[in-house]
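Per numbering that gives the first Met the number 0, residue 0 is the first one in the sequence shown, and the count goes up by one each step. Where is the CB? At the ideal position from N, CA and C, for every residue including glycine. Computed from a prediction, not measured in an experiment: that's the story for all the values here. Working notes for the structure below.
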Amino acid sequence: MKKINLAVVGATGMVGRTFLKVLEERQLPIENFYVMASSRSAGSTLTFNGKEYVVEELTEHSFDKPIDIALFSAGGGTSEKFAPIAAAHGCIVIDNSSQWRMDPTVPLIVPEVNPEDISWHKNIIANPNCSTIQAMVALKPLDDKYKIKRVVYSTYQAVSGAGVAGWKDLENGLKGEEPQKFPHAIAGNCLPHIDSFLDNGYTKEEMKMVNETRKILHNDDMRVTATTVRVPVFNSHSESINIEFEKPFVLDELIETLKNAPGVVLQNNSAANEYPLAVDAAGKDDVFIGRIRRDESVESGVNIWVVADNIRKGAATNAVQIAETIIKNMQ
Ligand code: A2P
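Okay, structure coming up:
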């Protein structure tokens, strides 16, 4: 297998460190490896595959050397400035920020869902929002079979989605300290506020879910709405998803469809108290689905409960899976 040169940008962050872990676990064929971050952590070291790597400061010259793929997770501003520089040098950027996701020239990819869209990239590929990724893995097989008419998302999102600072707010909040990252205490609380508010009253996080769902499922007219909530959970996002279909369905067949879907693990035995839980999903790469029941208020609808590790499948693992697909296509 061809070996590639790979860089991780934002390597010292929550997602960045998980990139390193997932790349090690999945044994990507890497020749030269680079870790980059801001001047704050330049010179520090990170261990990858048993070897120490010195963190480089990300600059306009970082991509002068040959790098085939760069995994970016260093915020939207950094991606806005540096992804085009990397792309112009022939490097394929897989970007975890929201900066490029809705750009019509940038594919937005969940490998189990729309791998075919990778083919039209122009050296920047976007990794979807963490809440969107796990929802797509659940929705795609149902859309293929029953044609989705409308989706209502209600999310219960972990503090790790807000980076190291979010994690610390919960840790310190449990000891009675004031929040630094969130506008209110997260310990013992639920905040119906993720990312900033928009003129339409929704948050950016909510509109990301709406717009990204339509782009990934190739349906600009799909009716989608969302309420996204930060909850005092360290890791893994949970989502209640209400779905209405064009076509009728048999519940057992729908459950079987989800069971056989790529990337899905079914935990759907309520009688035995078996349903997806954030603490169980943490550290895993699958999307866990349960509490599957007919929505009795509409003609053809279902409610499902979907849980995944937002730092792994919701960010790092999904990006590494995109890289794996690209490497496979290079052979
Ligand atoms: P640094 O550690 O040097 O600040 P998180 O969101 O988990 O806190 O991680 C953010 C990541 O993005 C970190 O690796 C951080 O590096 C990196 N980062 C933030 N701003 C920049 C920047 N201007 N240039 C390069 N990397 C950046």
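(request) Flag this pair as yes or no: are the beta carbons of V297 and E243 separated by less than 8 Å? (result) Contact flag set, yes.
(request) Verify whether the separation of the beta carbon atoms of R229 and I185 is less than 8 Å. (result) Yes.
(message) By the DSSP assignment, the alpha helix (DSSP H) with K258 in it spans what residues?
(response) Taken as a continuous stretch (DSSP letters only), the alpha helix (DSSP H) holding K258 covers L250 to K258.
(request) Pick helix, strand or coil for E273, following the three-state DSSP scheme. (result) Three-state DSSP puts E273 in a strand.
(message) For the segment 6-13 against the segment 66-75, do three or more pairs of beta-carbon atoms, one drawn from each stretch, fall closer than 8 Å, so that the two count as touching?
(response) The segment 6-13 vs the segment 66-75: in contact.
(message) Using a Cβ-Cβ cutoff of less than 8 Å, which residues in the same chain neighbour P114 once the five nearest sequence positions on both sides are dropped?
(response) Excluding sequence neighbours, P114 sits near I108 and T324.
(message) Considering only their Cβ atoms, is the gap separating L257 from P140 smaller than 8 Å?
(response) Going by C-beta atoms, P140 is nearer than 8 Å to L257.
(message) Are there any heavy atoms of the ligand A2P lying less than 7 Å away from the beta-carbon of L19, as far as the coordinates show?
(response) No; taking the cut-off as 7 Å, the Cβ of L19 has no heavy atom of the ligand A2P nearer than that.
(message) For a test of the three-state rule: what should DSSP assign to T11, helix, strand or coil?
(response) Three-state result, T11: coil.
(message) Can you tell me which residues form a DSSP beta bridge with E56?
(response) DSSP output for E56 lists A36 as bridge partner(s).
(message) Taking 5 Å as the limit, name every residue whose beta carbon sits nearer than that to some heavy atom of the ligand A2P, in sequence order.
(response) For the ligand A2P, residues qualifying as neighbours are G9, T11, G12, M13, G15, A36, S37, R39, S40, L57, A73, T77, G162 and V163, where qualification means a beta carbon closer than 5 Å to at least one of its heavy atoms (chain order).
(message) Considering only their Cβ atoms, is the gap separating C129 from A314 smaller than 8 Å?
(response) Yes, Cβ-Cβ distance for A314 and C129 is below 8 Å.
(message) Does I325 come out as helix, strand or coil in the three-state DSSP assignment?
(response) The three-state secondary structure of I325, taken from DSSP, is helix.
(message) Can you tell me whether L169 is helix, strand or coil according to DSSP?
(response) Under the three-state reduction of DSSP output, L169 falls in the helix class.
(message) What does the alpha-carbon distance come out to for the pair E211 and D102?
(response) Rounded to whole angstroms, E211 to D102 spans 11 Å at the Cα level.
(request) Please confirm whether A281 and D251 have their CB atoms less than 8 Å apart. (result) No.
(request) Using three-state DSSP, classify Y145 as helix, strand or coil. (result) Y145 carries a helical assignment under DSSP once its states are collapsed to helix, strand and coil.
(message) Buried or exposed, going by whether 16 or more other CB atoms sit within 10 Å of the CB of T44?
(response) Taking all protein chains shown into account, T44 has fewer than 16 neighbouring C-beta atoms within 10 Å of its C-beta and is therefore exposed.
(request) Please list, in chain order, all residues of the same chain as H88 whose beta carbon is under 6 Å from its beta carbon, the five residues on each side excluded. (result) Excluding residues up to 5 positions away in sequence, F62 lie with their Cβ nearer than 6 Å to the Cβ of H88 in the same chain.
(request) Go ahead and label K214 buried or exposed: buried means 16 or more other beta carbons lie within 10 angstroms of its beta carbon, across all protein chains shown. (result) Classification of K214: buried, given that the 10 Å Cβ count is 16 or more.
(message) Just verifying my parser: in three-state terms, what is the DSSP assignment at G76?
(response) Shown here, G76 sits in a helix according to DSSP, grouped into three states.
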